[in-house]
Amino acid sequence: MQQQLRQQSFNLTGCSLSELQIIAEQLGEKPYRARQIFRWLYQKKASSIDVMTDLSLAFRQKLSAGGYYVGALKILQEQLSAIDATRKYLFELADGNTIESVLLTEDARATLCFSTQAGCAMGCTFCATGQSGFVRNLNAGEMVGQALGVMRSTDQRLTNAVAMGQGEPLANYDETLKALRIFNAPDGFAIGARHLTLSTCGLVEGIRRLAEEPEQFGLAVSLHSAIDVKRAQLMPKAAKYNLAVLQAACKDYTNKTGRRITLEYTLIAGENDQEADLRALIQFCRGWLCHVNLIPLNPVAALKYDRSLPSRVMRFGQELEQAGIAMSIRKEKGADLDAACGQLRQRQVHRS
Ligand code: SF4
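See the structure below:
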């Protein structure tokens, strides 16, 4: 059981139902008590054991005496977009590291974009997080804690969540899946599996492993170029799997699960938005169950890249459609915030 250790103290936030059953049994309680704690933690967003009033006082005292507590992430900064109500959060972890989350709201949808690692080892050259390097994996409690922090601060229920913040979720597979299962649990955040998405830069072993999972979680794969040499420049670590290997894993995933994969394609001026790039993208996508999400780049001040002209974005969209490939163009959100992944955190690091 991975726990945030605080001098013999154990954070209940992030515990699965089976872990809570073990805790209840170890304290001499019936295993069904675990479900009550689970509901308090995730459904009722309890901030302490004391408020779990349908547990006996004796049990609550045993939990506290045993060092169990309900941890919460500290919000260091919260930015609210004046344009579209996007909210961006900078959280502090118990060890002082910082991570980012974003809440995107549109009509009845409230989507949390959460981080799975502090920093990232993948080194994508257009990404602020990728440039600042890897710090450590987050545990499930720290992923779930981002959702709890956002829900408490907005008093809003989440309808969707995507592991698309900082970090590579498939490089932290077990804890990310554990967190997604808490998001999905009817007594947890009760978000349908199809509304929970994991976004990877294309770690093939992880894609193959995910295909074996029973849940219908969504999968997005960051492609960003369908030309090997260009992809290697933009995504040096991810490109250890060439495009043929990546495509084979994606096709096997869709054949096995029947689920469509979203291919994320960030359009960067002069880098991956030329006619040869478009032809390669169409070629890569033909004949299997995928959907291309075109994303105008969120430029990072310290990096050399610019977003593609709107006319290039439109051209990519039109040509994909004409080729019979499902596509969408991501709407810009929170344009007045430190919007690109990792920028808020970087600013904090530079300030301190
Ligand atoms: S784009 Fe994603 S995978 Fe690449 S460095 Fe940034 S956080 Fe990591």
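Going by this note's numbering, 225 is the number at position 185 of the sequence shown; the sequence numbering is gapless.
For each residue, glycine too, the CB sits at the ideal point set by N, CA and C.
In angstroms, rounded to a whole number, what distance separates the CA positions of SER121 and GLY189?
-> Taking the sequence shown and counting its residues from 1, one reaches residue 121 at position 81. Taking the sequence shown and counting its residues from 1, one reaches residue 189 at position 149. The C-alpha of GLY189 is placed about 18 Å away from the C-alpha of SER121.
Give every residue of the same chain whose Cβ lies closer than 7 Å to the Cβ of GLY106, excluding the five residues on either side of it in the sequence, and list them in chain order.
-> Residue 106 sits at position 66 when you count from the first residue of the sequence shown. Listed in chain order, the non-local C-beta contacts of GLY106 below 7 Å within the same chain comprise LEU67, local neighbours out to five positions each way being set aside.
Taking the alpha-carbon positions, what's the ALA278 to TYR305 distance?
-> The residue you call residue 278 lines up with position 238 of the sequence shown. The residue you call residue 305 lines up with position 265 of the sequence shown. C-alpha separation (whole angstroms): 14 Å.
Inter-residue spacing [alpha-carbon to alpha-carbon] between ILE301 and VAL285 = The count along the sequence shown starts at 1 and reaches residue 301 at position 261. The count along the sequence shown starts at 1 and reaches residue 285 at position 245. Distance between ILE301 and VAL285, taken at the CA atoms: about 15 Å.
Check the DSSP bridge columns for SER262 and list the partner residues they point to.
-> In the sequence shown, the residue the question calls residue 262 occupies position 222. As computed with DSSP, SER262 is found in a beta bridge with GLU304.
Give every residue of the same chain whose Cβ lies closer than 7 Å to the Cβ of GLN43, excluding the five residues on either side of it in the sequence, and list them in chain order.
-> For this step, residue 43 is matched to residue 3 along the sequence shown. With a pLDDT of 47 at GLN43, under the threshold of 50, the predicted position of this residue should be treated as unreliable, and no value is reported.
THR237 (DSSP reduced to helix, strand or coil) | In the sequence shown, counting from the first residue as 1, residue 237 sits at position 197. The answer is strand: DSSP assigns THR237 an E or B state.
So, are the CB atoms of SER348 and PRO336 less than 8 Å apart?
-> Here residue 348 corresponds to residue number 308 of the sequence shown, with the count starting at 1. Here residue 336 corresponds to residue number 296 of the sequence shown, with the count starting at 1. Contact: yes.
For GLN43, which three-state DSSP category applies?
-> For this step, residue 43 is matched to residue 3 along the sequence shown. Unreliable positioning characterises GLN43 in this predicted model, as indicated by a pLDDT of 47, which lies under 50. The coordinate reading is nonetheless provided below. In the structure shown, GLN43 sits in coil (DSSP, three-state: anything other than H, G, I, E or B).
According to DSSP, is LEU81 helix, strand or coil?
-> Counting from one through the sequence shown, the residue named residue 81 turns up at place 41. Helix.
Bounding residues of the alpha helix (DSSP H) (the contiguous stretch that carries LEU334) | By one-based count along the sequence shown, residue 334 stands at place 294. For LEU334, there is no enclosing alpha helix (DSSP H); the residue is found in the beta strand (DSSP E) stretching over 330-336.
The ligand SF4 heavy atoms versus the CB of THR169: any closer than 7 Å?
-> Reading the sequence shown from its first residue, position 129 is the one you call residue 169. At least one heavy atom of the ligand SF4 lies closer than 7 Å to the C-beta of THR169.
Neighbour-count burial assignment, ILE123, 16 or more Cβ in a 10 Å radius = Taking the sequence shown and counting its residues from 1, the one referred to as residue 123 is at position 83. Per the 10 Å Cβ criterion, exposed.
Span of the beta strand (DSSP E) around GLU132 = Along the sequence shown, one-based indexing puts residue 132 at 92. Annotation: the continuous beta strand (DSSP E) that includes GLU132 extends over 127-132.
Identify which residue in GLY111, VAL269, PRO71 and GLN101 has its Cα closest to the Cα of SER87.
-> Within the sequence shown, residue 87 is the residue found at index 47, counting from 1. The shortest C-alpha separation from SER87 is found at GLY111.
Say yes only if the C-beta of MET183 is nearer than 7 Å to one or more non-hydrogen atoms of the ligand SF4, and no if none qualify.
-> Numbered from its first residue, the sequence shown carries residue 183 at position 143. Because no heavy atom of the ligand SF4 lies under 7 Å away, the Cβ of MET183 does not count as near it: no.
Say the cut is 7 Å; is the CB of MET354 nearer than that to a heavy atom of the ligand SF4?
-> As a first step, residue 354 must be located in the sequence shown, where it is residue number 314. No, the Cβ of MET354 stays beyond 7 Å of every heavy atom of the ligand SF4.
Would you kindly check if the distance between the Cβ of THR194 and the Cβ of HIS235 is under 8 Å?
-> Within the sequence shown, numbered from 1, the residue matching residue 235 stands at position 195. Within the sequence shown, numbered from 1, the residue matching residue 194 stands at position 154. Remark: C-beta atoms of HIS235 and THR194 do not approach each other more closely than 8 Å.
Who are the Cβ neighbours of ALA233 in its own chain at under 6 Å, not counting the five residues just before and after it?
-> Sequence index remark: in the sequence shown, residue 233 carries index 193 (1-based). So the qualifying residues of the chain are ASN224, GLU255, GLN256 and PHE257.
Which partner residues does GLN119 have in the DSSP bridge list?
-> Counting from 1 along the sequence shown, the entry for residue 119 is found at position 79. Note: GLN119 sits in a beta bridge opposite LYS128.
Pull up the distance between the alpha-carbon of LEU60 and that of LEU95, whole angstroms please.
-> In the sequence shown, residue 60 corresponds to position 20, counting from 1. In the sequence shown, residue 95 corresponds to position 55, counting from 1. Each residue's Cα considered, the two are about 13 Å apart.
Using a threshold of 8 Å, state whether the C-beta atoms of GLU69 and PHE99 are closer than that.
-> As a first step, residue 69 is located in the sequence shown; it is residue number 29 there, counting from the start. As a first step, residue 99 is located in the sequence shown; it is residue number 59 there, counting from the start. Cβ distance < 8 Å, so GLU69 and PHE99 count as in contact.
Report all residues from its chain with a CB closer than 8 Å to the CB of MET92; omit the five preceding and five following residues, and keep chain order.
-> Numbered from 1 along the sequence shown, position 52 holds the residue referred to as residue 92. Answer for MET92: GLN76, ILE77, TRP80, ALA86 and ARG100, listed in chain order.
Curious, which full-length alpha helix (DSSP H) runs of at least 4 residues does the stretch 186-240 contain?
-> Fully enclosed alpha helix (DSSP H) runs of 4 or longer: 213-224.
If you pair each beta-carbon of the stretch 269-283 with each one of the stretch 147-166, do three or more pairs fall below 8 Å?
-> A contact exists between the stretch 269-283 and the stretch 147-166.
Measuring CA to CA, which of ARG127, ASP292 and LEU152 is closest to PHE229?
-> Looking up residue 229 in the sequence shown gives position 189. Nearest C-alpha to PHE229 among ARG127, ASP292 and LEU152: LEU152.
What is the DSSP secondary structure of LEU144, counted as helix, strand or coil?
-> As a working note, residue 144 is residue 104 in the sequence shown. Here LEU144 sits in strand by DSSP.
So, helix, strand or coil for TYR293, using DSSP?
-> Taking the first residue of the sequence shown as position 1, residue 293 is located at position 253. The answer is helix: DSSP assigns TYR293 an H, G or I state.
Closest residue to ASP227 among VAL332, TYR82 and LEU133 (Cα-Cα distance) | Along the sequence shown, one-based indexing puts residue 227 at 187. When only C-alpha atoms are compared, the closest one is TYR82.
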